[in-house]
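Structure first, commentary second.
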């Protein structure tokens, strides 16, 4: 298991071949505004803030979610590479100079706002992945995306529980 993730194996990703269309569809999930990279940075930042606020249980959960998102980033990067794109941190490979920006990371520092921002990010990620599934023709890539969605749904449920606890304290 990788962080907070569903207890189900991820589909195999070996034997992918060059596939420019799948690269184009997947790339935004790798390193764009609503990407796994943005999620990782945001969860780590929010975890540090929660830790500083002496809310260690929330800090730990957010770090566990970040670890799962790191695994998703690794899966996406590996698939992009196998399909013919260098896994550079750009939303549109092969444009190597369209670099990733942290502008989309939520730097809120109030507990309820942080969790609401994280919930919004998970909802957007789920929608983005569902949209990808409708456009993808590569079944192997689609199977991985479907599995990632399960984790994102678990993250969303966890964040909703945290929000409920924060609101009802």
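Residue numbers (my numbering): -12 to 156. Cβ atoms here follow ideal geometry from the backbone N, Cα and C, with glycine treated the same way. Predicted model, so just to flag it, every value in this text is computed and none were measured.
- In this structure, DSSP gives residue 86 an extended state, which the three-state scheme calls strand.
- Here residue 77 carries a strand assignment [DSSP, helix/strand/coil].
- Sixteen is the threshold: since fewer than 16 other Cβ atoms of the shown chains lie within 10 Å of the Cβ of residue 94, the residue is exposed.
- For residue 0, there is no enclosing alpha helix (DSSP H), as DSSP gives it neither H nor E.
- The beta carbon of residue 113 lies closer than 8 Å to those of 136, 139, 140, 143 in the same chain, with the five residues before and after it left out.
- In the three-state reduction of the DSSP assignment, residue 155 falls in the coil class.
- Rounded to whole angstroms, the separation of the alpha carbons of residue 156 and residue 59 is 33 Å.
- With a 10 Å radius around the Cβ and a threshold of 16 neighbouring Cβ atoms, residue 12 comes out buried.
- Sequence-distant Cβ neighbours of residue 21 in its own chain, meaning closer than 8 Å and more than five residues away, are 15, 91, 108, 111, 112, 115.
- Annotated three-state conformation of residue 19 is coil, per DSSP.
- Counting along the chain, residue 64 sits inside the alpha helix (DSSP H) bounded by residues 43 to 69.
- The beta carbons of residue 102 and residue 153 sit closer together than 8 Å.
- With a 10 Å radius around the Cβ and a threshold of 16 neighbouring Cβ atoms, residue 33 comes out buried.
- Counting only residues of its own chain and dropping the five nearest sequence neighbours on each side, residue 145 has a CB closer than 8 Å to the CB of -9, 48, 52.
- Under the three-state reduction of DSSP output, residue 4 falls in the coil class, being neither helix nor strand.
- Around the beta-carbon of residue 64, 16 or more other beta-carbon atoms lie within 10 Å, marking it buried.
- Between residue 68 and residue 18, the CB-CB gap reaches or exceeds 8 Å.
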